[in-house]
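For reference, the structure discussed in these notes is given below.
Residue numbers (the UniProt record's numbering): 1 to 106.
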């Protein structure tokens, strides 16, 4: 899609014990860099138990911070934390506009 000029962003819901290991997060970040490019925004979302998946705890905030750090260390330029109240790594409308304008109109 990105090769066709379609804007692409990736969101990963981090669920404890399912996809929260440093190794798995690193592999996700590497995939994004290698397949979609370092400028592809990666949104890392904190999991909260609900509906059919209530046997897992909420994702620790430290895990979300760790995932963001891994993404940045692997070369991603835009890694955002989601569902973490008060986080300085959260996305906002001005950042989305910045990315879109700079990607579409270099």
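Every residue gets a Cβ at the ideal spot worked out from N, C-alpha and C, and that includes glycine. Predicted model only: the values in this text are computed from it and were never measured.
ask   = If you compare alpha carbons, which of 44, 18 and 9 is closest to residue 71?
value = Taking the first residue of the chain shown as 1, we reach residue 71 at position 71. Among 44, 18 and 9, the Cα nearest to that of residue 71 belongs to 44.
* **As assigned by DSSP and simplified to three states, the class of residue 82** => Position 82 of the chain shown, counted from the start, is the residue given in the question as residue 82. Secondary structure at residue 82: strand, using DSSP grouped into helix, strand and coil.
* To do: Determine whether the Cβ of residue 62 lies closer than 8 Å to any Cβ atom of chain D.
  => Reference to chain D is not applicable here, since this structure consists of a single protein chain.
Check your understanding: Cα separation between residue 59 and residue 3?
Key -> One-based indexing of the chain shown puts residue 59 at position 59. One-based indexing of the chain shown puts residue 3 at position 3. Each residue's Cα considered, the two are about 33 Å apart.
What first and last residue would you give for the alpha helix (DSSP H) that runs through residue 18?
Against the chain shown, residue 18 aligns to sequence position 18. Residue 18 -> no alpha helix (DSSP H), and no H or E assigned at all.
Practice problem: My understanding is that residue 28 touches residue 20, with C-beta atoms under 8 Å, so please give their C-beta distance in whole angstroms. | Solution: Mapped onto the chain shown, residue 28 falls at position 28. Mapped onto the chain shown, residue 20 falls at position 20. In fact, because the Cβ distance is near 11 Å, the residues do not count as touching under 8 Å.
Open item on the list: Let's test the definition: count the other Cβ atoms within 10 Å of the Cβ of residue 6 and tell me whether it reaches 16, buried, or not, exposed.
Closed with: Your numbering for residue 6 matches position 6 in the chain shown. Counting Cβ neighbours within 10 Å, residue 6 comes out exposed, since fewer than 16 surround it.
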